[in-house]
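Below is one structure, written out as structure tokens; comments come after it.
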Amino acid sequence: MRFGILGPLEVRTDDGTPVDPGGPRPRALLTLLLLDAGRTVSAQRLVDGLYGTRPPTGAANALQSQISRLRRRLAPHTAIEATPAGYRIVTAPDTVDAHRFEELTARGRAVATDPRQAAALFAQALALWRGPALADLPDARAEAARLEELRLFAAQDRIEAELALGGGPGLVPELRALLAAHPLSERLYGQLMRALRADGRPAEALTVYEQARRTLADELGADPSPELAALHLELLQGAEPQRPRLPVQLTRFVGREPELARIGALLTAHRLVTLTGPGGAGKTRLAIEAAAAKTRPAIETGAAPDRSPAPCFVELAPLADGGRIAYAVLAALGTRDGFRSPATDVTDRLLAALEDRELLLVLDNCEHLVEDAARLASLLLSTCPGVRILATSRESLGVTGEVLVPVPPLPREPAVRLFLDRARAVRADFDGHARVADICAALDGLPLAIELAAARLRTLTPDELADRLGDRFRLLSRGDRSKAPRHRTLRAVVEWSWDLLDEEERELARRLTVFSGGATLEAVEAVCGLPCPEDVLASLVEKSFLEVSEGRYRMLETIRAFASEGAPDLGDAHAAWFLRLAERAEPHLRGAGQLTWLARLAAERADLDAALRHLVHHDPAAALRLMGPLSWFWRLRGVHGERVATARELLAAVGRQPPPGLEEEYVLCAINALSGAGEEPDLIARVDEVLMAYRAPLRLPYVLVLWAVAAGPRPSTDTHARTLAGDSPWANALLDVGFGFRAQFAGRPREAEECFTRALRSYRATGDRWGMANCLDPLGLYAHARGETERALELLDEGLAHVRELAAPEETADLLRSRATVLLHRGDTAAAAGHFEEALALARGAGLPDKVAAARRGLGDAARLSGDTARARVHYEDALGQCAANWFSVGETVRALIGLGRTAAAEGHTEEAVDWFRQAADLAGEGPGDLELADAAEALASVAGAPERAAELLGAAAALRGAGNAVDPDVVRTERDTRAHLSARGYDEAFDRGRALRAAAVSER
13 MRFGILGPLE VRTDDGTPVD PGGPRPRALL TLLLLDAGRT VSAQRLVDGL YGTRPPTGAA
73 NALQSQISRL RRRLAPHTAI EATPAGYRIV TAPDTVDAHR FEELTARGRA VATDPRQAAA
133 LFAQALALWR GPALADLPDA RAEAARLEEL RLFAAQDRIE AELALGGGPG LVPELRALLA
193 AHPLSERLYG QLMRALRADG RPAEALTVYE QARRTLADEL GADPSPELAA LHLELLQGAE
253 PQRPRLPVQL TRFVGREPEL ARIGALLTAH RLVTLTGPGG AGKTRLAIEA AAAKTRPAIE
313 TGAAPDRSPA PCFVELAPLA DGGRIAYAVL AALGTRDGFR SPATDVTDRL LAALEDRELL
373 LVLDNCEHLV EDAARLASLL LSTCPGVRIL ATSRESLGVT GEVLVPVPPL PREPAVRLFL
433 DRARAVRADF DGHARVADIC AALDGLPLAI ELAAARLRTL TPDELADRLG DRFRLLSRGD
493 RSKAPRHRTL RAVVEWSWDL LDEEERELAR RLTVFSGGAT LEAVEAVCGL PCPEDVLASL
553 VEKSFLEVSE GRYRMLETIR AFASEGAPDL GDAHAAWFLR LAERAEPHLR GAGQLTWLAR
613 LAAERADLDA ALRHLVHHDP AAALRLMGPL SWFWRLRGVH GERVATAREL LAAVGRQPPP
673 GLEEEYVLCA INALSGAGEE PDLIARVDEV LMAYRAPLRL PYVLVLWAVA AGPRPSTDTH
733 ARTLAGDSPW ANALLDVGFG FRAQFAGRPR EAEECFTRAL RSYRATGDRW GMANCLDPLG
793 LYAHARGETE RALELLDEGL AHVRELAAPE ETADLLRSRA TVLLHRGDTA AAAGHFEEAL
853 ALARGAGLPD KVAAARRGLG DAARLSGDTA RARVHYEDAL GQCAANWFSV GETVRALIGL
913 GRTAAAEGHT EEAVDWFRQA ADLAGEGPGD LELADAAEAL ASVAGAPERA AELLGAAAAL
973 RGAGNAVDPD VVRTERDTRA HLSARGYDEA FDRGRALRAA AVSER
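Under this note's numbering, read the sequence shown as residues 13 to 1017, first letter to last.
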């Protein structure tokens, strides 16, 4: 039988049939016996357990009767024996869930160094629980408490193992629930902090520490443990886990132990290490393994954690232009442009993203761009002190401070081991051969050549393989190898493998070289023009000419270069296919399928770029058609700044007038050509002219938002905008968002909220996460303005969930700042500061100076409201330094000036405060609406010389804003102080006077 006491008593036969043990007394009795399954339990203990401290007269007889009834219930499956000392249930301990639980948890702790196995054991143990322990034995409090404590420990141990495996997001709800039940568990606090950090939520992790600190202080009068404090410090220093940025390897790493050890030591002592050697020597794989070894978790190595920088792998082989290296680095970092970021100086954006990062940058295949790679490496090393570089190249970069690590061919013993390992992957029964060493020697010990040769064992014997190699390489002896061009040895290997292909395989291989970043079967069929290529593709994979992963076929770059010689020109077919793909994807990027299609286009990004470059030079009209649907993809997910030059080249090729039927694509090309620095008035005027002349509903409705962001609001074009939107639900929702912001800027909050609500309803119907998030942000703040704090946080959290799915840094930063504002006004300064810090990191990483300014200003507000005026001043000044000279930076500049004024006022410098506030008021007139002037009016009220003047300014602010401001602590304090010095009637009269004057009240001196 199987017994369960971790929850209500459960008894089942071996075939799963439930057995009813009887009423409360038999159930309690059976529970007592099961606690010591297989061992004798004294009669006295059973009596005490059944009847407590007041047993009935004849308790021994009553116990015997209970035992008899229970025996009948369990027969014939399980017996209860009488012994001289008491009674024993005849069953093994592992038939009782409580004993099985303790056994599994003990095994889990014994294999703690293997987190995967440990997590599985702990999960199996915890799955045995069905409710509170010993539910049918209510008086056994001590034993129940012991089991519950073990359950908590097991849950914590399982969480520990899952964190070691990279878990985090899925653990957060469970950890919060555990903390609610065990609010003094420092281990749980630490695990929740780590889980939040793993989920990319370091700001929330910091708030958990503050919660722990307050709880421990209030309940125990104690400080957090050193371990918890150390984790807190890691979070403050930004030591958070990075997403994997090294290519995952599908084969074992063989040999190179001396080189690996040397590279590890050099990377600790030096900041630029370059691996040099011939093509095919294994420089890329060695660099990946060396970078991984510097960051491998201690749980895998048994050593202390390595504090080296996080790795980031950048493949340069696909690049034909050295000027694109910086873009490649930004893409590898996951950095994207926002809607509003200047896009001309990619190097400055890269330096900004890395200026305070700790990073190990792996630059792979530098040889064809060696001068440009050297310049960028030198600049990064001299500007970004936390960056180290591991490069691979056939020649040194020639940069001061560079340390070279030659990567020679493999010596005999590791070369043979590599061959045997790869051969057994294709022939599991291969047990070596006398001629393996000769094969490796003939291949000069080059790992790529050895791997290709081993793959041929599918069809050749070792003797046939060795004989063929001898014929092919007789002109390139080992003695002369150093005198020959380095690519010759690798070329010989590839050429030899090429000769083993049949003509159908060679033809497809040549045609596949048109793809820059790999291809799906669908793309191969469409572009290569060969019928039914599945079997040939499979053959090329088997012969190691192609790699296949998740349905994508990729050719090694060296093999691609060889196969491209004599390849037919498929540029037109390639471009036509990717044009069709982009046009097919476009509507899905605005609906429920956007995540799937964003991922699809991201996987095809290299080929989409190649197709666009081809069309720019060969068919500008088709290039416009491709750039049109790609424009929204670039804004949502891509580093679109690199498209400025391409867009300008395309505009020049097309001319000053759009081709018939391609007006929308022409406008989008012009938007992509704008640098964001506000220096293109002629281009802006030209696009305005094209749009005003266009009368049909837009096929690509995001033209509306991209143009509004690029050129600023156009209030006079409402009717035309509605014409352009047509009957598209998405486009009309977009118009509602635009109208909502315009109403908000004009101080009409009710109208604005109605617009955003209407737009949100439409976006929910289409499933567009970007649209929903851009509505939820302002709607959350309107809820906050009404004092509905929890509702505000609920709306903002939903928006954050959407933008995190999209991996959209700009919108994520926006929503984090909004959430921080709500928390700040609620008095949770520490949590607000954490959100502002996270928003700052996102904005800096994406190169969004206006968002950096907003986050800095928020940090200034948090510091000032917590009493640290010196730190607040630094943040406000930094914010001002980040504000750009464009229409959408006016508001942030005004708020930074106000922050400096409030800081001065807090320090007792009233005249200085007035000066800052006046500067803010003067600048506010250049903004897109009245909200900035309302902020300035409220600030001026705080330093007004007379209470009547303060009330008047508060009235003007309320009129400009369209509502009062009952949530900002600065404004609430000003109103309270003003009312304290005036009668109710006096305050109301002055307030009404200001409300009537509006902006005129602010301009009065």
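Built from N, CA and C at the ideal position, the CB exists for glycine as well.
Residue i (DSSP reduced to helix, strand or coil)
| i | result |
| --- | --- |
| S405 | strand |
| A322 | strand |
| G16 | strand |
| R128 | helix |
| L513 | coil |
| A1002 | helix |
| V53 | strand |
| R400 | strand |
| G673 | coil |
| G120 | helix |
| C895 | coil |
| Y221 | helix |
| H194 | coil |
| C731 | A quick correction: the sequence has Thr, not Cys, at residue 731. In the structure shown, T731 sits in a helix (DSSP, three-state: H, G or I). |
| A299 | helix |
| G233 | coil |
| W141 | coil |
| S995 | coil |
Residue interval of the alpha helix (DSSP H) (run including residue i)
| i | result |
| --- | --- |
| D840 | Element bounds for D840: n/a, residue is neither H nor E. |
| V1014 | A1011 to S1015 |
| V983 | P981 to A992 |
| V926 | T922 to A936 |
| S954 | Neither: S954 is in no alpha helix (DSSP H) and is coded neither H nor E. |
| L278 | E269 to A281 |
| E904 | V902 to A918 |
| C544 | Counting along the chain, C544 falls outside any alpha helix (DSSP H), and DSSP gives it neither H nor E. |
| Y201 | E198 to A210 |
| L860 | That residue, L860, is in no alpha helix (DSSP H); it is neither H nor E in DSSP. |
| P590 | Residue identity check: residue 590 is Phe in the sequence provided, not Pro. Residues G583 to A597. |
| G640 | P632 to R649 |
| R655 | R655 to V666 |
| L613 | Q606 to A615 |
| H244 | P238 to L248 |
| D441 | Neither: D441 is in no alpha helix (DSSP H) and is coded neither H nor E. |
Beta-bridge partners of residue i, as assigned by DSSP
| i | result |
| --- | --- |
| Y565 | A531 and V560 |
| R100 | E93 |
| P418 | T288 |
| D376 | E327 |
| V108 | F15 |
| P30 | R24 |
| L371 | A322 and V399 |
Same chain, Cβ closer than 6 Å to residue i, five either side skipped, listed in chain order
| i | result |
| --- | --- |
| R100 | T52 and E93 |
| G61 | L44 |
Proximal residues to residue i (C-beta, below 7 Å), its chain only, five neighbours per side dropped
| i | result |
| --- | --- |
| A614 | R649 |
| E516 | V548 |
| L362 | A338, V341 and L342 |
| P253 | Low local confidence applies: a pLDDT of 45 at P253 is under 50, so the model's placement there is unreliable, with the coordinate-based value given in what follows. Around P253: R209 and A210. |
| L845 | The sequence shown places Ala at residue 845, rather than the Leu named in the question. Excluding positions up to five away in sequence, the list reads L871 and A874. |
| P259 | I300 and F325 |
Span of the beta strand (DSSP E), counted from its first residue to its last, around residue i
| i | result |
| --- | --- |
| E160 | Note, E160: premise wrong, no beta strand (DSSP E); alpha helix (DSSP H) at R153 to A176. |
| E22 | E22 to R24 |
Other residues of its chain near residue i: CB distance less than 8 Å, five sequence neighbours each side excluded
| i | result |
| --- | --- |
| L966 | A949, E950, A953, V983, T986, E987, T990, F1003 and G1006 |
| G34 | R81, L82 and R85 |
* Residue ranges of each beta strand (DSSP E) within the region 733 to 798, 3 or longer -> Taken in chain order, the region 733 to 798 contains no complete beta strand (DSSP E) segment of 3 residues or longer.
* If you scan the region 34 to 84 from start to end, which runs of the alpha helix (DSSP H) of 4 or more residues do you find wholly inside it? -> Within the region 34 to 84, the complete alpha helix (DSSP H) runs of at least 4 residues are 36 to 47 and 55 to 63.
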